[in-house]
Amino acid sequence: MTVSSPPVKLEKPPQNYLNWAFGIKSWLLTTDHKRIAILYLITVTLFFALGGLAASLVRFELITPQGDLMSADNYNKSFTLHGMLMVFFFLIPGIPAVMGNFLIPLMIGAKDLAFPRLNLASWYVFMVGGLFTMTVIVVGGVDTGWTFYTPYSSTYSNGAVILAALGIFAAGFASIFTAINFVVTIHKMRAPGLTWFRLPLFVWAHYATSIIILLGTPVLAITILMVGIERMFKIGIFDPALGGDPLLFQHLFWFYSHPAVYIMVLPSMGVISELITAFTRRRIFGYKAIALSSLAIALLGFLVWGHHMFVSGQSVYAGLVFSAITFMVAIPSAIKVFNWTATLFKGTISFTTPMLYALGFIGLFTIGGLTGLFLGAAAVDVHVTDTYFVVAHFHYVMVGATIMAYMGAIHFWWPKITGKLYNEGWGISSAIIIFVGFNLTFMPQFIMGYLGMPRRYYAYPDEFQIYHIASSAGAAILAFGYVLPLFYLLYSLFFGPKAGDNPWNAKGLEWTTASPPPHENFEETPIVTEEAYAYPVPQKAEVTSGA
Amino acid sequence: MTTEQHSTTHHVMPVRTYLIVFALLMVLLAATIGVAFLHLGPFNRIVALTIALAKAGLIMTYFMHLRYSSKLALVFAGMGFFWLVIMLLIGMGDYIARGTIPGTF
Ligand SMILES: [Cu+2]
Numbered sequence: 039m040t041v042s043s044p045p046v047k048l049e050k051p052p053q054n055y056l057n058w059a060f061g062i063k064s065w066l067l068t069t070d071h072k073r074i075a076i077l078y079l080i081t082v083t084l085f086f087a088l089g090g091l092a093a094s095l096v097r098f099e100l101i102t103p104q105g106d107l108m109s110a111d112n113y114n115k116s117f118t119l120h121g122m123l124m125v126f127f128f129l130i131p132g133i134p135a136v137m138g139n140f141l142i143p144l145m146i147g148a149k150d151l152a153f154p155r156l157n158l159a160s161w162y163v164f165m166v167g168g169l170f171t172m173t174v175i176v177v178g179g180v181d182t183g184w185t186f187y188t189p190y191s192s193t194y195s196n197g198a199v200i201l202a203a204l205g206i207f208a209a210g211f212a213s214i215f216t217a218i219n220f221v222v223t224i225h226k227m228r229a230p231g232l233t234w235f236r237l238p239l240f241v242w243a244h245y246a247t248s249i250i251i252l253l254g255t256p257v258l259a260i261t262i263l264m265v266g267i268e269r270m271f272k273i274g275i276f277d278p279a280l281g282g283d284p285l286l287f288q289h290l291f292w293f294y295s296h297p298a299v300y301i302m303v304l305p306s307m308g309v310i311s312e313l314i315t316a317f318t319r320r321r322i323f324g325y326k327a328i329a330l331s332s333l334a335i336a337l338l339g340f341l342v343w344g345h346h347m348f349v350s351g352q353s354v355y356a357g358l359v360f361s362a363i364t365f366m367v368a369i370p371s372a373i374k375v376f377n378w379t380a381t382l383f384k385g386t387i388s389f390t391t392p393m394l395y396a397l398g399f400i401g402l403f404t405i406g407g408l409t410g411l412f413l414g415a416a417a418v419d420v421h422v423t424d425t426y427f428v429v430a431h432f433h434y435v436m437v438g439a440t441i442m443a444y445m446g447a448i449h450f451w452w453p454k455i456t457g458k459l460y461n462e463g464w465g466i467s468s469a470i471i472i473f474v475g476f477n478l479t480f481m482p483q484f485i486m487g488y489l490g491m492p493r494r495y496y497a498y499p500d501e502f503q504i505y506h507i508a509s510s511a512g513a514a515i516l517a518f519g520y521v522l523p524l525f526y527l528l529y530s531l532f533f534g535p536k537a538g539d540n541p542w543n544a545k546g547l548e549w550t551t552a553s554p555p556p557h558e559n560f561e562e563t564p565i566v567t568e569e570a571y572a573y574p575v576p577q578k579a580e581v582t583s584g585a
Numbered sequence: 073m074t075t076e077q078h079s080t081t082h083h084v085m086p087v088r089t090y091l092i093v094f095a096l097l098m099v100l101l102a103a104t105i106g107v108a109f110l111h112l113g114p115f116n117r118i119v120a121l122t123i124a125l126a127k128a129g130l131i132m133t134y135f136m137h138l139r140y141s142s143k144l145a146l147v148f149a150g151m152g153f154f155w156l157v158i159m160l161l162i163g164m165g166d167y168i169a170r171g172t173i174p175g176t177f
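Just so you know, the protein sequences line up as chains X and U, in that order.
Numbered as in the working numbering, the first sequence ends at 585 without a single skipped number.
Numbered as in the working numbering, the second sequence ends at 177 without a single skipped number.
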């Protein structure tokens, strides 16, 4: 974008956001969105590791039909911790707070987010939430499951429910802060010429996500607070003995938690749109349809929560309506999948690490989405409610899709974030290992769930053992696949070759600035004159004579 | 739309306005408590909810400065309200229709 005279540049060492200031204080008190993204990256990686550890305890216990590795109580605490950490401390903040934070200002040609201090505050509030959750582990854990269903959570459970609730409350506010920042930034700080329909789809997806966060998260925060209030002061809200209604909790909880799936998946979809265009070297097929389907998901996602309550005692009429709207919400997701595959058609596809993750995303998300339709059909749902079928379904959607996109994003923008290139060979192997491990872990869960294996049990009939062994073996492969990138990415940080500004030869404003970007992102504000993904239209098959 | 375009200027409200609104809120609070002692049947709930709405309205217009905000901020505030309506309306759908088919939930 900027034309600079080369000789002058050689004089001073390149200043970027990493070497712009030094010392721990320059990181902990930074208001630079790029540094805050790095802070988030480190912390969500730690929470992911802890959540993964809890998952491996669960998978170890389930290798044998008897409950032999740990007590039933500890098993309950393990899967609760796994769910809480993964959902609220990894999947929800993962892509927005790390990749969104880093990329949105770069993608729209801004110097920073609209409220840099609010951005830092978000990380601190997140850390407070994390601290509460760590304290929960120290004081003996919580056994309600990540869903905190009443009246068990508000009356009977003797775990550290209130502490856990506070942790989630805080983490929720951290994401609200991030969402406010994104909405205002996208509205107010776009570079000249960057109209709404020229925005990268990553930005559209984060805009829709932010709206969901803003409108949904307060409901979760209040609901979880009400559980605490009922527990402490015996004020009847959910407990029938006190005049409350336990189903009210499920209504309020799922009013947030179904859209929360889209908080995880929409940013992932944004990532996939970027990856697919970059590695097929084509304009995206159906730009407007993809952009607007994000908004459609944001709205429709709020109308389907009752599909989690088909067997709860909810009115059958309400169930009917929720089931019908659930089928509708599949449409905008399908629009995206079809548009991505249409983009692949006749594209010049290169199978790089990020692209493998993107293709993996499409596969896993499609399986997860379609099994969601099974569950949205009330009659089938009655059969498989609270079985491993549900567990497998939501892991495909939330984990399979989101982690594929997260890993794809980390690899795609790693050269931009660090200025270094990682080793493609290692990258490709880890992508394949993760894909294989994931399917081996969760495919058997569909089968045993359909056969009747209930979720959240630490002992089970012998006939299910073969599936559990396959699943645990898959989890081991998956864990290996997750650990691998940690090594080669860190290695590249110190010994990797320099990346250059645009190693993928990709479109997008973030690739027009230096790698790593300077503190103020751009030397001068870029002026946008073209659509997003303006890759050259491929020529008609031409006869080329050698090189 | 560019960075320079700042549609909202800071509107400074006099402290007096805040105090008047605060006093109004206190009056409404007293009314809520007072009405709780009257026995109006189903109207108790209607009156209490109306007062609550009035309070929320006052807080949003004055304390949250919506009266002097840009149209965009109004749209977002309106969206928040609309989503609340979605939650209550669809949620009530369950409560109204529960147990209407004998032998089912
Ligand atoms: Cu749902």
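For every residue, glycine included, the Cβ atom is placed at its ideal position computed from N, Cα and C.
Quick caveat, the model's predicted, so the values are computed rather than measured.
Query	Result
Determine the burial state of X:Asn196: buried for a count of at least 16 other Cβ atoms within 10 Å of its Cβ, exposed for fewer.	exposed
Could you check where the alpha helix (DSSP H) with X:Gln104 kicks off and where it finishes?	From DSSP, X:Gln104 is part of no alpha helix (DSSP H); its letter is neither H nor E.
So the candidates are X:Phe240, X:Pro189, X:Val199 and X:Leu77; which of them puts its Cα closest to the Cα of X:Val180?	X:Val199
Mind checking whether X:Val367 and X:Ile328 have CB atoms under 8 Å apart?	no
Is X:Tyr573 near X:Arg319, with beta carbons less than 8 Å apart?	yes
Show which residues of chain X have a CB atom less than 7 Å away from the CB atom of U:Leu144.	His225
Alpha carbon to alpha carbon, what distance is there between X:Lys226 and X:Leu158?	20 Å
With distances taken Cα to Cα, identify the nearest neighbour of X:Leu459 among X:Ile373, X:Thr409, X:Ile76 and X:Tyr529.	X:Tyr529
Would you please verify whether the beta carbon of X:Trp547 is less than 8 Å from any beta carbon of chain U?	The question names Trp, but residue 547 of chain X in the sequence shown is Leu. Taking Cβ atoms only, chain U never reaches closer than 8 Å to X:Leu547, which makes this a no.
From the DSSP output, which residues share a beta bridge with X:Pro392?	Paired residue(s): none; X:Pro392 is not in a bridge.
Should X:His431 be counted as a contact of ligand 1 given a C-beta to heavy atom distance under 7 Å?	no
My assumption, with CB atoms under 8 Å, is that X:Leu304 sits in contact with X:Phe365. Please give the rounded CB distance.	The Cβ separation is near 19 Å, so there is no contact.
Just to confirm the assignment, what range does the alpha helix (DSSP H) spanning X:Glu268 have?	Leu239 to Phe271
Cβ of X:Ile133 within 8 Å of Cβ of X:Ala443?	yes
Please name the residue, chosen from X:Ala508, X:Val429 and X:Ile314, that lies closest to X:Phe383 on a Cα-to-Cα basis.	X:Ile314
I need the DSSP call for X:Gly536, collapsed to helix, strand or coil.	It should be noted that the sequence gives Lys, not Gly, for residue 536 of chain X. Residue state, collapsed to three classes: strand.
I need the boundaries of the alpha helix (DSSP H) containing X:Asn559, first residue and last residue.	Where X:Asn559 is concerned, there is no enclosing alpha helix (DSSP H), given that its DSSP letter is neither H nor E.
Determine whether the beta carbon atoms of X:Phe117 and X:Leu107 lie at a separation below 8 Å.	no
Listed from N- to C-terminal order along the chain, which residues in the stretch 256 to 274 of chain X have their beta-carbon within a distance smaller than 8 Å of any beta-carbon of chain U?	Val257
So U:Thr107 packs on U:Val119, CB below 8 Å; how close in whole Å?	One detail in the question is off: residue 107 of chain U reads as Val in this sequence, not Thr. Going by Cβ atoms, the distance from U:Val107 to U:Val119 rounds to 5 Å, so yes, they are a contact pair.
Determine the DSSP secondary structure at X:Pro492, reduced to helix, strand or coil.	strand
Kindly indicate which three-state DSSP category X:Lys458 falls into: helix, strand or coil?	strand
Could you check if X:His289 belongs to the surroundings of ligand 1, using beta carbon to heavy atom distance under 7 Å?	no
Ignore the nearest five residues each way along the sequence and tell me which others in X:Pro238's own chain have a CB closer than 7 Å to its CB.	Met145, Glu312, Gly546 and Ala570
Rounding to the nearest angstrom, what Cα-Cα distance links X:Pro564 and X:Ile250 in this structure?	30 Å
Please list, in chain order, the chain X residues whose beta carbon lies closer than 7 Å to that of U:Gly163.	His289
Closest to X:Ala469 by CA distance: which of X:Phe484, X:Val222, X:His557 and X:Tyr520 is it?	X:Tyr520
Ignoring anything shorter than 3 residues, give me the beta strand (DSSP E) runs that lie fully in the stretch 106 to 186 of chain X, in order along the chain.	none
Touch check for the stretch 439 to 454 of chain X and the stretch 396 to 415 of chain X: three-plus C-beta pairs under 8 Å?	yes
Counting only the same chain and skipping the five closest in sequence on each side, list residues whose C-beta sits under 7 Å from that of X:Pro52.	Ala552
Any beta carbon from chain U within less than 8 Å of X:Ala570's own beta carbon?	no
DSSP three-state label for X:Thr69, please.	coil
So for X:Thr315, helix, strand or coil by DSSP?	helix
Does the count of Cβ pairs from the stretch 116 to 130 of chain X and the stretch 55 to 64 of chain X closer than 8 Å reach three?	no
Per DSSP, X:Thr425 forms a beta bridge with which residues?	X:Pro492
Tell me where the alpha helix (DSSP H) around U:Gly129 begins and ends.	Phe115 to Leu130
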